[in-house]
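Written below as structure tokens is the structure these notes are about.
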Amino acid sequence: MKHIIFRLFMITITMIAFSCSDGEDGIDGANGQDGTDGTNGFDVGLEYVVFAGDITDEEAAEIAAENFGKNTHSILVINTTNLTTLDLTEVSKLIRIEVRDNENLQSLSLPNLESVIEDISIEDNNALTMVNFENLATAPSIKIENNAALNSVSLNNLTNSNRLDFEENPALEALTLPALKNTGSLNIQELESLTTLDLSNLEVIGGLSISETKLSEINLPKLETINGLFVQTNKDLQTINFPLLANTREDGASVTIRGNETLTTVNLGAIGKFERFRIENNDSLTLFEANAVEEITNTFTLRNNPRLTSLTFPGLLRISSLDISESSLTTINLGALQEARRVRIIENENLNTILLPSLSSTESIQISENPALTGVQFDGLENTNASITISENENLNTISFSNLTNLNANLNISNNDGLETIAFPRLISLGVSDTRTSLTISNNSMLNSIDFSNLATLNSGTTISGNSTLTSLSFPSLTTVTGSDTFTDLRINNNTTIATIAFPSLETVTNIRRIEISEALLADVNFGNLATFSELNVDSETSITALNLSSVQDFTSMRLGLRGSLSTTAIDGILTRLVNITPAITGKRISIKGDASAQALVDAQTLRDNGNNVSLSN
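Going from the sequence shown to the numbering used here is simple: count from 1 and add 157.
Printed below as a string of structure tokens:
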């Protein structure tokens with residue numbers, strides 16, 4: 158209630174200033190007191206003129222003749238039942254117009270109205286067919302909504318408005334605003350018959366929203382500035398063309414183009430910066446151009462545009478989040494892109510090429526479920542905190558991060574049925590100390606080459622599993638493995654053909670619960686420099702002929718052989734090392750399966766005598 162009283166007070170104050178500008182009244186003259194234009198004369202008028210109830214056209218005309226004047230600032234036409242036509246030719250300036258819930262009103266005409274200080278609201282008039290404001294130049298807010306029969310709106314001289322709303326007028330076929338140059342927002346929704354939209358002189362707009370119309374094109378030939386664009390579910394729309402669009406707010410324009418089933422072409426001119434940028438579910442889209450874009454400050458989403466086969470932003474340097482999914486793209490070429498906080502490319506059935514050669518900064522990479530993709534290559538990436546997931550790309554053959562030196566996050570390469578080669582030749586460090594990170598390479602059925610030749614520090618749990626054609630595994634430079642807690646494992650298992658595993662430089666394993674190696678054909682394991690670990694389990698279905706633990710110094714538990722066994726030579730080498738550790742080890746659990754020599758039996762007993770639990774079995 159306080160708000161309403163305050164608003165009426167402000168309206169009154171405004172109109173006092175508004176009406177005083179016409180000059181002072183005289184005394185007893187033509188413009189004096191009680192004269193035809195005086196205080197009680199026609200041109201003063203009521204501040205509010207209300208048309209309501211069962212008023213007729215004739216009564217409305219009489220009320221207008223008797224009550225309009227220069228003090229009239231608001232017109233309310235509400236809940237009339239008999240009124241069919243309202244023609245107010247004498248009105249040129251107002252603060253407010255409200256026309257609402259009029260049962261039989263068909264025509265509303267204010268042909269000489271030039272300006273409205275506050276708002277125009279025309280809503281829920283079921284019989285209204287025509288609105289004429291042909292000379293209106295300025296109005297902060299115009300709302301024309303839910304008028305079932307409305308088919309004509311004249312706003313041909315409107316040049317400026319803060320907000321324009323045209324909603325749920327299903328019979329309206331044309332909306333012409335040829336003089337409009339600047340508006341804060343234009344909202345066009347549920348105009349199912351709209352085939353013509355004239356915004357030929359629009360230069361600046363805050364937000365433009367167009368949905369559920371019959372438009373075949375949206376063409377804004379002079380538009381230079383926009384903050385937000387939302388175009389959705391226009392079933393006949395074929396073209397969006399903003400050829401001069403260049404400047405936006407500081408964070409960039411927010412753009413959504415979604416669910417326009419016949420849309421073929423989008424041209425967003427010379428725009429250089431976007432904020433959120435969504436292109437989704439446009440069944441016929443074949444050409445998408447925003448060739449001047451350099452930065453997307455939030456998310457770019459491209460999803461389910463089945464006829465769009467290529468994406469090229471030649472000048473794009475920075476993007477917060479790149480999200481491309483369910484597309485028919487064959488090529489993603491972002492050759493200039495340097496920074497992308499997040500890269501997500503998933504479920505693109507025809508995608509065979511991803512080109513991001515300049516990408517040097519990112520926090521997340523996910524490339525998954527792209528069945529035609531053959532190669533993933535990130536040559537520009539050197540140091541990153543990005544978690545990298547590359548999974549379920551069934552024809553992916555090669556993964557290469559040729560210059561990556563530090564990866565301070567997770568690496569997951571899984572379920573790529575055609576993958577043969579993984580190459581991280583310069584990687585020195587992987588994972589983050591005291592943070593639960595992981596290295597996972599699993600279920601890549603054609604994998605035969607893994608290159609981590611310079612990896613020295615692994616700060617993560619590790620799983621290498623289910624790579625059925627991998628015959629050997631080597632980390633030649635790895636010296637330190639550190640987990641985040643006592644639940645972290647280093648696990649290598651179920652790689653069907655692997656015969657050789659080598660960690661020749663590995664010295665220290667800390668915060669790793671266990672090293673677990675279990676393979677069907679494993680024959681040779683090299684931990685030649687490993688001094689410290691907690692638990693080591695090594696098993697093979699065949700005989701392990703060589704198991705080098707020649708530097709072991711401290712551990713908790715060791716179990717060697719379960720399904721298979723160790724050779725006599727391998728057992729001799731291990732027990733010889735264990736009995737020669739100084740000071741003598743005690744409290745260790747040692748289980749070894751295989752054919753032990755006489756000397757091995759003696760060494761086992763020595764270890765028992767020193768307080769260790771030792772089991773030798775065949």
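Ideal placement from N, C-alpha and C gives every residue a C-beta, glycine not left out.
So which of L679, S634, R433, D642 has the shortest CA-CA distance to N651?
Numbered from its first residue, the sequence shown carries residue 651 at position 494. When only C-alpha atoms are compared, the closest one is L679.
From the DSSP output, read off the bridge partner residues of S311.
Residue mapping note: residue 311 aligns to position 154 of the sequence shown, counting from 1. Answer is N289, T333.
Under 6 Å Cβ to Cβ from I545, same chain only, skipping five residues before and after it: list those, please.
As a first step, residue 545 must be located in the sequence shown, where it is residue number 388. So the qualifying residues of the chain are I522, L568.
Straight-line CA distance for R106 to D276?
No information on residue 106 is available, as it lies outside the stretch 158 to 775 that the chain covers here.
A703 - DSSP class collapsed to helix/strand/coil
Walking along the sequence shown from the start, residue 703 turns up at place 546. Strand.
Just to confirm, is the Cβ distance from I476 to A449 under 9 Å?
Taking the first residue of the sequence shown as position 1, residue 476 is located at position 319. Taking the first residue of the sequence shown as position 1, residue 449 is located at position 292. Not in contact: I476 and A449 (Cβ atoms no closer than 9 Å).
What residues match up with D760 in a beta bridge as DSSP calls it?
For the purposes of this step, residue 760 is identified with residue 603 of the sequence shown, where counting begins at 1. Answer by DSSP bridge pairing: none, since D760 is not bridged.
Pull up the distance between the alpha-carbon of L343 and that of T458, whole angstroms please.
The count along the sequence shown starts at 1 and reaches residue 343 at position 186. The count along the sequence shown starts at 1 and reaches residue 458 at position 301. Roughly 24 Å between the two C-alpha positions.
Own chain residues within Cβ distance below 8 Å of K549, not counting five before or after:
The residue given as residue 549 occupies position 392 in the sequence shown. Note on identity: in this sequence residue 549 is Glu, with Lys being the wrong assignment. Cβ within range, chain order: S525, E526, S571, N572, N573.
Rounded to a whole number of angstroms, what is the C-alpha to C-alpha distance between T241 and P378?
Position 84 of the sequence shown, counted from the start, is the residue given in the question as residue 241. Position 221 of the sequence shown, counted from the start, is the residue given in the question as residue 378. Those two C-alpha atoms are separated by around 39 Å.
Under three-state DSSP, which class holds E369?
Start at 1 with the first residue of the sequence shown, and residue 369 comes out as number 212. Correct three-state label for E369: strand.
Using C-beta distances below 7 Å, list every residue in its chain close to P400, excluding the 5 sequence neighbours before and after it, in chain order.
As a position in the sequence shown, residue 400 is number 243, starting the count at 1. Hits under 7 Å: P378, N424, G426.
Indicate the three-state DSSP secondary structure (helix, strand or coil) for D185 in the structure shown.
Taking the sequence shown and counting its residues from 1, the one referred to as residue 185 is at position 28. With a pLDDT of only 41 at D185, under the threshold of 50, the placement of this residue in the model should not be trusted; the figure read from the coordinates follows. Note: D185 maps to coil in three-state DSSP.
Taking E506 and S482 to be in contact with their CB atoms under 8 Å, please state how far apart those CB atoms are, rounded to whole angstroms.
In the sequence shown, the residue the question calls residue 506 occupies position 349. In the sequence shown, the residue the question calls residue 482 occupies position 325. Not a contact, Cβ separation roughly 11 Å.
Boundaries (first-last residue) of the alpha helix (DSSP H) holding L735:
Counting from one through the sequence shown, the residue named residue 735 turns up at place 578. L735: member of the alpha helix (DSSP H) spanning 725 to 736, first to last residue.
If we count the other Cβ atoms within 10 Å of its Cβ and call it buried at 16 or more, is V851 buried or exposed?
In this structure the chain extends from 158 to 775, so residue 851 is not present and cannot be described.
Test item: CB-CB of L538 and T555 under 9 Å
Numbered from its first residue, the sequence shown carries residue 538 at position 381. Numbered from its first residue, the sequence shown carries residue 555 at position 398. Note that the C-beta distance between L538 and T555 is not below 9 Å.
Helix or strand or just coil, what does DSSP make of N455?
Residue mapping note: residue 455 aligns to position 298 of the sequence shown, counting from 1. Strand at N455.
Count the other C-beta atoms from every protein chain shown that fall within 10 angstroms of the C-beta of S772, then say buried if there are 16 or more, exposed otherwise.
Residue numbering aside, residue 772 sits at position 615 when the sequence shown is read from its first letter. Result: exposed.
Inter-residue spacing [alpha-carbon to alpha-carbon] between N624 and S675:
As a first step, residue 624 must be located in the sequence shown, where it is residue number 467. As a first step, residue 675 must be located in the sequence shown, where it is residue number 518. Between N624 and S675, the C-alpha separation is close to 13 Å.
Cα separation between R593 and T510?
If you number the sequence shown from 1, residue 593 lands on position 436. If you number the sequence shown from 1, residue 510 lands on position 353. Cα to Cα, R593 sits roughly 33 Å from T510.
Unbroken alpha helix (DSSP H) run spanning N224, endpoints:
As a position in the sequence shown, residue 224 is number 67, starting the count at 1. First-last of the alpha helix (DSSP H) with N224: 214 to 224.
Taking F558 as part of the beta strand (DSSP E), name the residues at either end of that continuous run.
Sequence index remark: in the sequence shown, residue 558 carries index 401 (1-based). Neither: F558 is in no beta strand (DSSP E) and is coded neither H nor E.
Reducing DSSP to helix, strand and coil, say where R257 ends up.
Translated into the one-based positions of the sequence shown, residue 257 becomes position 100. Per DSSP, reduced to three states, the secondary structure at R257 is strand.
Taking only three categories from DSSP, how would you classify R406?
Against the sequence shown, residue 406 aligns to sequence position 249. Reduced to three states, the DSSP call for R406 is coil.
Just confirm the distance between the C-beta atoms of K300 and E280, as a whole number of angstroms; I'd bet it's less than 8 Å.
For the purposes of this step, residue 300 is identified with residue 143 of the sequence shown, where counting begins at 1. For the purposes of this step, residue 280 is identified with residue 123 of the sequence shown, where counting begins at 1. Confirmed, about 7 Å.
Would you list the residues sitting across from A493 in a DSSP beta bridge?
By 1-based counting over the sequence shown, the position of residue 493 is 336. Its beta-bridge partners do not exist; DSSP assigns none.
When DSSP labels each residue in this structure, what does A449 get in the three-state scheme?
Taking the sequence shown and counting its residues from 1, one reaches residue 449 at position 292. In the structure shown, A449 falls within a coil segment according to DSSP collapsed to helix, strand and coil.
If I measure Cβ to Cβ from D536 and keep anything under 7 Å in the same chain, skipping five residues before and after, which residues do I get?
For the purposes of this step, residue 536 is taken as the residue at position 379 of the sequence shown. Taken in chain order, the residues that qualify are P514, S559, N560.
6 Å CB neighbourhood of G685 in its chain, flanking five on each side removed:
Within the sequence shown, the letter at position 528 stands for residue 685. Counting only Cβ-Cβ distances below 6 Å, and skipping sequence neighbours, we find P661, N705, S707.
M715 - containing beta strand (DSSP E), residue span:
Looking up residue 715 in the sequence shown gives position 558. Taken as a continuous stretch (DSSP letters only), the beta strand (DSSP E) holding M715 covers 714 to 717.
Could you tell me if I235 is buried or exposed, where buried requires 16 or more neighbouring beta carbons within 10 angstroms of its beta carbon?
Here residue 235 refers to the residue found at position 78 when the sequence shown is read from its first residue. Classification of I235: exposed, given that the 10 Å Cβ count is below 16.
Do you know how far the Cα of T419 is from the Cα of A566?
Translated into the one-based positions of the sequence shown, residue 566 becomes position 409. Translated into the one-based positions of the sequence shown, residue 419 becomes position 262. Cα to Cα, the separation comes out at about 43 Å.
Within the stretch 525 to 552, note down every full beta strand (DSSP E) run reaching 3 residues or more, in order along the chain.
532 to 534, 544 to 548
In this structure, how does DSSP classify A753 when only helix, strand and coil are distinguished?
Translated into the one-based positions of the sequence shown, residue 753 becomes position 596. Reduced to three states, the DSSP call for A753 is coil.
Please confirm whether T637 and A659 have their CB atoms less than 9 Å apart.
Position 480 of the sequence shown holds residue 637. Position 502 of the sequence shown holds residue 659. Contact: no.
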